[in-house]
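Right, one structure below, let's go through it.
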Amino acid sequence: MAEVVALATPEELSSGTAHTEHAKSGGLPQFDPTSFSSQLVWLALVFAFLYFVFSRFSLPKIGRVVETRNDKINLDRDTAERLTAEAQTTMEAYEKSLAQARNESARFHAESADTIKKQTEDAMKVFAEKSEKQLKATEKRLEDGKAQVMDEMHTIAAEIASAAAEKIVGISTDLSAAKTVVQSVNSKLSKAA
Amino acid sequence: MDEHSPLHQFVVTPIVPLHIGGVDVSFTNSSLWMVIGAVCSILLLTLSMRKPQLVPTRSQVLVESMYSFIANMIKENTGTAGMQYFPLIFTVFMMVLMGNLLGLVPYSFTYTSQLIVTVGLALGIFSLVIVLGIVRHGTHFFSLFLPPGVPMWLWPLVIPLEIVSFLIRPITLSVRLFANMMAGHLMLKVFAGFSVAMISMGALGWLGAMFPMLFNTVLTGFELMIALIHAYVFSVLCCLYLKDTVELAH
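Top line first, the protein sequences correspond to chains A and G.
Okay, so the first sequence: first residue is -7 according to the working numbering, each after it adds one.
Okay, so the second sequence: first residue is 126 according to the working numbering, each after it adds one.
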């Protein structure tokens, strides 16, 4: 109270006209009790009216709006979560089928590679056998030819030798004996070589 | 009272003199600004929520953040059970906020700078706390005056202290608001008075008058902050006092 009076003092000094009024009201207009009753009554009235309007209309409405929004947000979030989960499941299924397909193709690839390899090997084997056989036959024919030729050569040599002996020395020789001599000479020559 | 006195802004003048049963209930400038405040707050709350949008408009954001601000304040200070006082606290907040803010409009009247108004509000809350406290807790309500864990030999000291601190609540609550509002408005008016006085001194005075005016500009911003803070402080304290009616700490 002392402070309040002190606040009022310079004002009181500056305006002499207000002095009497101040003295009556105790310094500040706020302490003039004549206005108390009307201010209290109007405060109560306005407050009661405001309380009535707020509690009945304004606040429930705002509350509903806020509530609706929160519900909507929660619902949307739930939906989003559900969709995310669904997407996750789909993704997993896709990855699974992808892996399966990959395995399948790898297996198929390996299988066909094996088949082709086997087929190739078989074909190679058949070809190798066939060519060996042919080679052998050819070799045999060659050998036979060679032997025949050699035999013929020996015969010719024996004939020539016997003819020569008959002409030079005048003896007739047995062809088969001459052939034997040629053969032994030939084998001696080939040994020496 | 002198028109130019810084205190003149606090004088209550009847607009429509009314007497009912010997009691003065005149419609005064104070009443007028209470009604204006009420109309403004109802209009704000009604118009901005007329077509509520899922994605709120600007005014809707303002109103909804006020709503959730008060709701959170009650939940934090009074607990979830305190939500029963939500309309009450909201009304107190709007009443004080409108009084403080409208008071900053030039030539207006600041009803929150009237001690009787703040006392009325504070005593209203205070008596509500006592009545509801006794109705709900019976005589157990008076255990409020004995904090738990105090040794018995301290009781004669602690109990009177607690009683005094309880009874002083409406006084501190009302005087805090009243004094802050009055001091701020007094200061604004005093500096405005300086400017006016300087202008009367001629050309140089016009220049000099700029300084109190600039100071007043800054002060008005400051007062705006004070207006918001004290509306908040008043309602927070109401929440804290009402907490005793929903749950006793011991």
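Built from N, CA and C at the ideal position, the CB exists for glycine as well.
Return the CA-CA distance between residue i and residue j, expressed in angstroms with no decimal places.
i              : j              : result
F303 (chain G) : L353 (chain G) : 14 Å
G330 (chain G) : S360 (chain G) : 44 Å
A153 (chain A) : E144 (chain A) : 14 Å
E151 (chain A) : G137 (chain A) : 20 Å
V58 (chain A)  : S130 (chain G) : 48 Å
C363 (chain G) : T81 (chain A)  : 54 Å
L271 (chain G) : T297 (chain G) : 21 Å
S179 (chain A) : V118 (chain A) : 41 Å
I259 (chain G) : H265 (chain G) : 8 Å
E113 (chain A) : L127 (chain A) : 20 Å
L187 (chain G) : F194 (chain G) : 10 Å
P285 (chain G) : L248 (chain G) : 21 Å
P139 (chain G) : A36 (chain A)  : 17 Å
I108 (chain A) : K88 (chain A)  : 30 Å
L339 (chain G) : L311 (chain G) : 16 Å
T165 (chain A) : E158 (chain A) : 7 Å
M289 (chain G) : V136 (chain G) : As written in the sequence, residue 289 (chain G) is Val, which differs from the Met given in the question. Rounded to whole angstroms, V289 (chain G) to V136 (chain G) spans 33 Å at the Cα level.
D127 (chain G) : D63 (chain A)  : 59 Å
I255 (chain G) : H262 (chain G) : 10 Å
L257 (chain G) : T342 (chain G) : 45 Å
M159 (chain G) : M326 (chain G) : 39 Å
L292 (chain G) : F336 (chain G) : 45 Å
E124 (chain A) : A149 (chain A) : 36 Å
For chain G, check one thing: does any of its Cβ atoms lie closer than 8 Å to the Cβ of residue i?
i              : result
Y86 (chain A)  : no
S223 (chain A) : A query on residue 223 (chain A) cannot be resolved here, the shown segment of chain A reaching from -7 to 185 and no further.
L67 (chain A)  : no
A15 (chain A)  : Unreliable positioning characterises A15 (chain A) in this predicted model, as indicated by a pLDDT of 40, which lies under 50. The coordinate reading is nonetheless provided below. So, not an interface residue.
L20 (chain A)  : yes
R61 (chain A)  : yes
A0 (chain A)   : Bear in mind that the predicted position of A0 (chain A) carries a pLDDT of just 40, short of 50, making it too unreliable to give a figure here.
For a cutoff of 8 Å on Cβ pairs, would you count residue i as touching chain A?
i              : result
D369 (chain G) : no
G245 (chain G) : yes
L377 (chain G) : Nothing can be reported for residue 377 (chain G), as the shown portion of chain G is limited to 126 through 375.
M198 (chain G) : no
P212 (chain G) : yes
Q209 (chain G) : no
T237 (chain G) : no
V242 (chain G) : yes
N340 (chain G) : It should be noted that the sequence gives Phe, not Asn, for residue 340 (chain G). No, no contact with chain A.
V260 (chain G) : no
S233 (chain G) : no
F135 (chain G) : yes
L179 (chain G) : yes
What are the partner residues of residue i, as DSSP defines its beta bridges?
i              : result
V148 (chain G) : G:I145
P139 (chain G) : G:T153
Verify the contact flag: residue i, CB atom, against every heavy atom of the ligand NAP, threshold strictly below 7 Å.
i              : result
D106 (chain A) : The model on display carries no ligand, and the ligand NAP is accordingly not part of it.
Going by the CB atoms, is the gap between residue j and residue i shorter than 8 Å?
i              : j              : result
M191 (chain G) : I199 (chain G) : no
S155 (chain G) : V244 (chain G) : no
L313 (chain G) : T345 (chain G) : yes
L179 (chain G) : R61 (chain A)  : yes
E98 (chain G)  : G228 (chain G) : Nothing can be reported for residue 98 (chain G), as the shown portion of chain G is limited to 126 through 375.
L51 (chain A)  : F211 (chain G) : yes
F251 (chain G) : R301 (chain G) : no
Run down chain B in chain order and give the residues with a C-beta less than 8 Å from the C-beta of residue i.
i              : result
F215 (chain G) : As a matter of chain content, chain B is missing from the structure shown, whose protein chains are A and G.
When you check each C-beta in the segment 182 to 193 of chain G against every C-beta of chain A, which residues fall closer than 9 Å?
Q185, V188, E189, M191, Y192, S193
With 8 Å as the limit, tell me which residues of the segment 30 to 52 of chain A have their beta carbon closer than that to any beta carbon of chain G; keep them in chain order.
S30, Q31, L32, V33, W34, L35, A36, V38, F39, F41, L42, Y43, V45, F46, S47, F49, S50, L51
Identify each residue in the segment 160 to 177 of chain G for which the Cβ-Cβ distance to at least one residue of chain A is less than 8 Å, and report them in chain order.
V160, G162, A163, S166, I167, L170, T171, M174, P177
Any C-beta of chain A within less than 8 Å: which residues of the segment 287 to 315 of chain G qualify?
F303, M307, L311
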